[in-house]
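Student: In the working numbering, the protein residues as written are 7 to 470.
Every residue, glycine too, gets a C-beta built ideally from N, C-alpha and C.
As the structure is a computational prediction, the values presented were derived from the model and not from experiment.
Pasting a structure below so you can have a look.
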Ligand code: PHE
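Structure below.
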């Protein structure tokens, strides 16, 4: 008899691990920066709508596919598609997911590695010295990116930590890590949010985030909010599907999916409140760049009382959030090797970890370290320069939305209504209108939204 599949030990274990996957650099690094770029208000509203209308239904769909099939993405599509329209061709969606996990993890560890350097510098006091002069910090950061040895060193440390967790498996590795990382993360966020309330910029931050200014909303902004809802919720590549395959049958999928979406959203908003309160406390012209987390923010933190301590805590928060996400990325790739190639967990986590690490070193040295990799630009836009930029573009704009389309179409049109209903009701109880609403969204709204993203990418809308 085949070995029973590993399971989370409790409902909370699953929620923490899945929320850990969702909450990551997408919330703490990317969302504040794109919200700033799109002038807050209306953009935030569209983002909330995207999470509710597209993100949450796809989240539930991924968990359904995982728990029903007891497989990772390739096996799930293969098994559930057998004998149905499209048959085994659906497996393509699974392979795309594994590829996306491989690619995203490779460059994600580079950015995550920067947080280790910043934590060390905050502790040693050197960050304080650099942060007293904005220009000094800016040029330090530029030199740091361009130094291949440092980049590979910190990327390796982060990758090593990720492999170390996945190696120990679902219960002893992933769930245990989530039970430590997530409560600490929530506690730090509460402290930082409380701190931000005391800063003079808090009121302005609230207005910026919550006062809709529809005249500022662009089509590109709407599509960016939609696209980001996939990345931030870890959707479209089978991370939630794989975690769902370890979910206990007595737990409720709708409740879990909603909880994860709410936690992820609340934390993205809290991250904005913290960062924008700090920014608006000063009469400071912020350059809206993806590097503000590492250049502007420390400078401003250090101007405030207790800033040195708060700044260190902040990077610890980012590192913890990133680690609980990288774990889920590696788990998708490793579980593919375990389920489809029959490897043991140790072999799968180590081999895949090393392969991704080697591939990731190309991104690590592409930020100024090695000219040919820095200037390389097959896509041809500013934002897609270099190996790092290219991979981020491909993964966020192509792999995740296309993967999401596979998941939405498969769950909405290939699985029967009864099959989905049974899975959603198991561990939950009878569902009336919420089931009909979910089914409508997954059949029509989600595919339409994803199609819009794909068309806009093809037409070349700049929405990085
Ligand atoms: N959701 C993670 C974040 O916001 C990134 C991620 C994407 C993780 C896809 C797993 C799968 O940072």
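1) Quick one: is residue 139 buried, meaning 16 or more other Cβ sit within 10 Å of its Cβ, or exposed?
2) If we call anything under 8 Å between Cβ atoms a contact, is residue 416 one with residue 32?
3) Using CA coordinates, which residue listed in 301, 15, 104, 65 is at the minimum distance from residue 262?
4) Which residues in the same chain as residue 276 place their Cβ atom closer than 7 Å to its Cβ, once the five residues preceding and following it in sequence are excluded?
5) Do you know whose CA, among 446, 391, 70, lies nearest residue 432's CA?
6) Using three-state DSSP, classify residue 332 as helix, strand or coil.
7) What I want to know is whether the C-beta of residue 28 ends up closer than 7 Å to one or more non-hydrogen atoms of the ligand PHE.
8) Out of 281, 396, 126, which one is the CA nearest neighbour of residue 205?
9) Is residue 168 near the ligand PHE, judged by its Cβ being under 7 Å from some heavy atom?
10) Of the choices 302, 81, 147, whose alpha-carbon is the least far from that of residue 247?
11) Which same chain residues, not among the five before or five after residue 92, have their C-beta less than 7 Å away from its C-beta?
12) Measuring straight from C-alpha to C-alpha, what distance separates residue 469 and residue 457?
13) Let me make sure I understand the geometry here. Which of 412, 372, 422 has the alpha-carbon closest to that of residue 398?
14) With a threshold of 16 other CB atoms inside 10 Å of the CB of residue 464, please say whether the residue is buried or exposed.
15) Following the continuous alpha helix (DSSP H) through residue 377, name the residue where it begins and the one where it ends.
16) Can you give me the C-alpha to C-alpha distance between residue 245 and residue 337, rounded to a whole angstrom?
17) Grouping DSSP H, G and I as helix and E and B as strand, with all else coil, what is residue 289?
18) Drop a sphere of 10 angstroms on the beta-carbon of residue 230, count the other beta-carbons inside from all chains shown, and report buried for 16 or more, exposed for fewer.
19) Keeping to the same chain, check which residues put their C-beta closer than 7 Å to that of residue 48; ignore five residues upstream and five downstream.
20) Under a three-way DSSP split, which group does residue 404 fall into?
21) In three-state DSSP terms, what is residue 140?
22) Mark residue 429 as exposed unless 16 or more other C-beta atoms lie within 10 angstroms of its C-beta, in which case mark it buried.
23) Report the residue from 127, 411, 83 whose alpha carbon sits nearest the alpha carbon of residue 94.
24) What is the DSSP secondary structure of residue 473, counted as helix, strand or coil?
25) What is the DSSP secondary structure of residue 240, reduced to helix, strand or coil?
26) Would you say residue 334 touches the ligand PHE, meaning its beta carbon is less than 7 Å from a heavy atom?
27) Under 8 Å: do the region 291 to 307 and the region 142 to 159 share three or more Cβ pairs, one atom per stretch?
28) Sorted by chain position, which residues of the same chain lie with C-beta nearer than 6 Å to residue 367's C-beta, five sequence neighbours on each side aside?
29) Is it the case that the CB of residue 110 approaches a heavy atom of the ligand PHE more closely than 7 Å?
Tutor: Taking the structure as given:
1) exposed
2) no
3) 65
4) 195, 199
5) 70
6) helix
7) yes
8) 281
9) no
10) 81
11) 420
12) Because residue 469 sits at a pLDDT of 46, beneath the cut-off of 50, its placement in the model cannot be relied upon, and the point is left open.
13) 372
14) exposed
15) 377 to 381
16) 8 Å
17) coil
18) buried
19) 218, 219, 220, 222, 223
20) helix
21) helix
22) buried
23) 83
24) Shown here, the chain extends from 7 to 470; a query on residue 473 therefore has no answer.
25) coil
26) yes
27) yes
28) 158
29) yes
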